[in-house]
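Here the sequence shown is numbered in the working numbering, starting from 8 and rising by one per residue.
Glycine included, C-beta positions come from ideal geometry on N, C-alpha and C.
Written below as structure tokens is the structure these notes are about.
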Amino acid sequence: MQTDSNTKTDLTFEDFKSQVLNDYKIALTSRECSLLGRREVLTGKAKFGIFGDGKEIPQLAWAKVFKNGDFRSGYYRDQTFMMAIDELSIEQFFSGLYANTDIAQEPMSAGRQMGGHFGTHSLNENGEWKNLTAQKNSSADISPTAGQMPRLLGLAQASKIYREVKGIDTTNFSHNGNEIAWGTIGNASTSEGLFFETINAAGVLQVPMVINVWDDEYGISVHAKHQTTKENISEILKGFQRDEENKGYEILRVKGWDYPALIETYQKAEYIAREEHVPVMIHVLELTQPQGHSTSGSHERYKSKERLEWEQEYDCIVQMQKWMISNNIATQDELDALNKSIKKEVRDGKKAAWNSYLNPIKNEQEEALILLSELAESSSNKVFITKIISDLKANDEPIRRDVASSVRKALRYVVSEDSIEKDRVQTWINAYMESVQPKYSSHLHSASKYAAINVNEVLPTYDKNAELVDGRLVLRENFDAIFNNYPQALVFGEDAGNIGDVNQGLEGLQEKYGELRIADAGIREATILGQGIGMAMRGLRPIAEIQYLDYILYALQIMSDDLATLQYRTKGKQKAPLIVRTRGHRLEGIWHSGSQLGGIINLIRGIHVLVPRNMTKAAGFYNTLLESDEPALIIECLNGYRLKEPLPNNIGEFKTPVGVVETVKEGSDITLVSYGSTLRIVEQTAKELLEVGIDAEVIDIQSLLPFDIHHDIVKSVAKTNRLMVIDEDVPGGAS
């Protein structure tokens, strides 16, 4: 069903006609999926539906210029595009709606996201990179409005890095940086700060990025007059338009129902972005929403009669039909016949998807019913268990919760009984939960051999008379080794480039490795984080520097919703091994030293949170993570850069283990647990306690997520029977 990307002018009329009819068929298929999908929700077979109806025709034009190696960073209106690039079938569409947990049936997220959230597979079954240049790629969607924008910037910047930085192995990732990152966003979501921050950053960086704005004038029920100045996003962004003297954007406008104009516009946008590496915005106007925003309501509640009539007339599919008939591409009878056949094809696909979803659960239901029937016969509470059996048997469309809940309820009635039948049921439910739980809970972290916890510790080694240097120099020498050993590694952030960061941990490295690998960035933490996510998704090893821990709040939403969930929401089919570098815990002030760790450790599960006590430990974490395929946040001690540390002689080689605590002083009376800058205070306190006969054991946590995977703190407390946790936070924050 893939749309034909051949847009040359030497086509015969018959070839052209065939292409147009194929495009029309894709549009009809997508529309029918939307219509039938809404019915499935309203009849109770699915929980929620949000569809791409009214946006079909521009997505066909887009698909024609989307090449292998390109990336999409979009949102939940893009189903037609995914169908047009042959990455979404009818059955897969409905499998997503039903949240089928079989990734073979529902390859977008294995049922972990709502339908309408799309993504392709960047990794094979072993968690290793596939050849991304040989396939059309979609980064995994998230629901938060405009949340796809920062990642889009990084996906586009990767092409610039691959084109302009020498020495990187581009195998599997790029053909000379020719790939475009294509983004989509609704007109209402352009009001989000993330959109404007991304627009500005891409204009500065001059990367091959194309943003499609699907404009239907509404954000749910709120009209553009309440959303956008002048009710027109491209109008207010005119200042970004490039000219003869200044770099910027190419801004294009086109009506979303004009098929020929759309094709011409997308051809122009592709050339500018792919060949010139100039960002482009395509403002697609006069789109519609035939069914309103989602299944949560009806647009008849908030649109005028005149608006609804206009939407019917200028529905992009209706307009394409008129154009096809007027240009002798098809007759009305031919289009009616095609429409009829598409309806049947979509119904058949829906039915197949429903059976694929339901049948495995029905089989599990049957297994449970057999065991429960045997249990009832052996129990003195047969009457109660029989009622459970009857209710479960009457459920024609069970979910797994129904099966598990019924079995567990039955086991309550035999809690004081002993029987072989009870043992069988207990064994079955234990095995059932063990087999079913991973369908919903696996892949919060990497399941590959490259997981950070699999990287072995390598201790730093020292010359006999090792030089004592500022801690920043340990970091600088280690970063030098990293950028020498990993051509695909780069760092960027506020003041990270020219001056080598505010604490000189990168001093002199920009001059050595160039402005693209050791780069300054504007004050825009969310898109600094987004740059890192996108580049990491394309095989680079970025280190995104957030100048101070306090500033990470600007990036926390993207860390939480996008980076932390990536492995989970794709069931291990995409990864972004981004390292986020920051500094904090100075023990003074509020805006440059405070701690958000109580929130961070709960909001970014899926990202390792590492809190080294000195720069040698920090350097070891960087070395560990570069051998891993997981994201992490490293918080360096803000007041440790000038403290003296011995300089290791195996710079770039030693590795600090993730999830492992270190006992820095053994003792028998009390266990003192801390991390970061407070660890030094605790060490001094332990010395003072020893003077009064109290022998404290001091443990450096080192890693908040994961935390003490070998349970060494528990072992220490078993010895001392006393525990005190010391950290720089609000009471109960990260402790």
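Practice item. Can you grab the Cα-Cα spacing for the pair residue 665 / residue 737, in whole Å? Key: 25 angstroms
Check your understanding: If we count Cβ pairs, one from each stretch, closer than 8 angstroms, do we get three or more for the segment 694-711 versus the segment 478-493?
Key -> no
Point to revise | Residues bridged to residue 653 [DSSP beta-bridge criterion] | key: 475
Check your understanding: Distance, Cα to Cα, residue 411 vs residue 587?
Key -> Cα to Cα, residue 411 sits roughly 41 angstroms from residue 587.
Check your understanding: Buried or exposed: which applies to residue 628, given that a residue is buried once 16 or more other Cβ atoms fall within 10 Å of its Cβ?
Key -> buried
Exercise for review: Would you give the residue range spanned by the alpha helix (DSSP H) that residue 331 belongs to?
Suggested key: 323-333
Review point. Do you know whose CA, among 543, 734, 675 and 477, lies nearest residue 725's CA?
Key: Measuring from the Cα of residue 725, the nearest candidate turns out to be 675.
Point to revise | Backbone secondary structure at residue 465 - three-state DSSP | key: It is a strand residue.
Review point. Which residue spans inside the segment 676-733 form an unbroken beta strand (DSSP E) run of at least 3?
Key: Runs found: 677-681, 703-707, 710-712 and 730-732.
Review point. Leaving out five residues before and five after residue 301 in sequence, what residues of the same chain have Cβ atoms less than 6 angstroms from its Cβ?
Key: 57
Exercise for review: Express the C-alpha separation of residue 465 and residue 457 in angstroms, rounding to a whole number.
Suggested key: 16 angstroms
Practice item. Could you check which residue in 545, 484, 548 and 532 has the C-alpha nearest to that of residue 519? Key: 484
Check your understanding: Between residue 613 and residue 451, which are expected to be in contact by the criterion C-beta below 8 angstroms, what is the C-beta distance as a whole number of angstroms?
Key -> 5 angstroms
Practice item. Could you tell me which uninterrupted alpha helix (DSSP H) segments, each at least 4 residues in length, are contained entirely in the segment 475-516, listed from first to last along the chain? Key: Whole alpha helix (DSSP H) segments, 4+ residues: 478-492.
Practice item. Pair every Cβ in the segment 530-550 with every Cβ in the segment 407-427, then say whether three or more of these pairs are closer than 8 angstroms. Key: no
Practice item. Pull up the distance between the alpha-carbon of residue 306 and that of residue 324, whole angstroms please. Key: 19 angstroms
Point to revise | the segment 334-344 contacting the segment 366-374, beta-carbon criterion three pairs below 8 angstroms | key: no
Review point. So, using beta-carbon positions, are residue 541 and residue 161 closer together than 8 angstroms?
Key: In contact: residue 541 and residue 161 (Cβ atoms closer than 8 angstroms).
Check your understanding: How big is the Cα-Cα spacing for residue 122 and residue 517?
Key -> 45 angstroms
Review point. Which residues does DSSP pair with residue 40 in a beta bridge?
Key: According to DSSP, residue 40 bridges with nothing at all.
Practice item. Note down, in chain order, each residue of its chain lying with its Cβ closer than 7 angstroms to the Cβ of residue 443, except the 5 sequence neighbours on either side. Key: Only residues of its own chain outside the window of five on either side were considered, and among them 407 have a CB closer than 7 angstroms to the CB of residue 443, listed in chain order.
Exercise for review: Find the nearest neighbour of residue 238 within the set 195, 543 and 215, judged by alpha-carbon distance.
Suggested key: 195
Exercise for review: Using a threshold of 8 angstroms, state whether the C-beta atoms of residue 417 and residue 382 are closer than that.
Suggested key: yes
Check your understanding: Going by Cα to Cα distance, which pick from 709, 330 and 85 is closest to residue 621?
Key -> 709 is the residue among 709, 330 and 85 whose C-alpha sits nearest the C-alpha of residue 621.
Point to revise | Contacts around residue 293, its chain only, beta-carbon distance under 7 angstroms, and the 5 residues preceding and following it disregarded | key: 262, 263, 264 and 321
Check your understanding: Buried or exposed: where does residue 62 fall if 16 or more other Cβ atoms within 10 Å of its Cβ makes it buried?
Key -> buried
**Study point:** In chain order, each alpha helix (DSSP H) run of at least 4 residues that lies wholly inside the segment 88-159
**Key:** 97-105
Exercise for review: Tell whether a beta-carbon distance below 8 angstroms holds between residue 78 and residue 140.
Suggested key: Not closer than 8 angstroms, so no.
Practice item. Please name the residue, chosen from 259, 60, 605 and 647, that lies closest to residue 319 on a Cα-to-Cα basis. Key: 60
Review point. Around the Cβ of residue 2, are there at least 16 other Cβ atoms within 10 angstroms (buried) or fewer (exposed)?
Key: Here the chain has residues from 8 to 742 only, and residue 2 is not among them.
Point to revise | beta strand (DSSP E) segment containing residue 549, residue limits | key: 548-552
Point to revise | DSSP three-state assignment for residue 189, whether helix, strand or coil | key: Reduced to three states, the DSSP call for residue 189 is strand.
**Study point:** Euclidean distance between Cα positions of residue 155 and residue 705
**Key:** 44 angstroms
Exercise for review: Can you check the segment 356-419 for any alpha helix (DSSP H) of at least 4 residues that lies completely inside it and give the ranges in chain order?
Suggested key: 389-401 and 407-419
Review point. Hey, is residue 270 close to the ligand FMN, as in C-beta under 7 angstroms from one of its heavy atoms?
Key: Ligands in the displayed structure: none, and consequently the ligand FMN is not present.
Practice item. Please look up how many angstroms separate the CB atoms of residue 728 and residue 363, rounded, as I've assumed it's under 8 angstroms. Key: Taking C-beta atoms under 8 angstroms as the contact rule, residue 728 and residue 363 fail to qualify, at a distance of about 57 angstroms.
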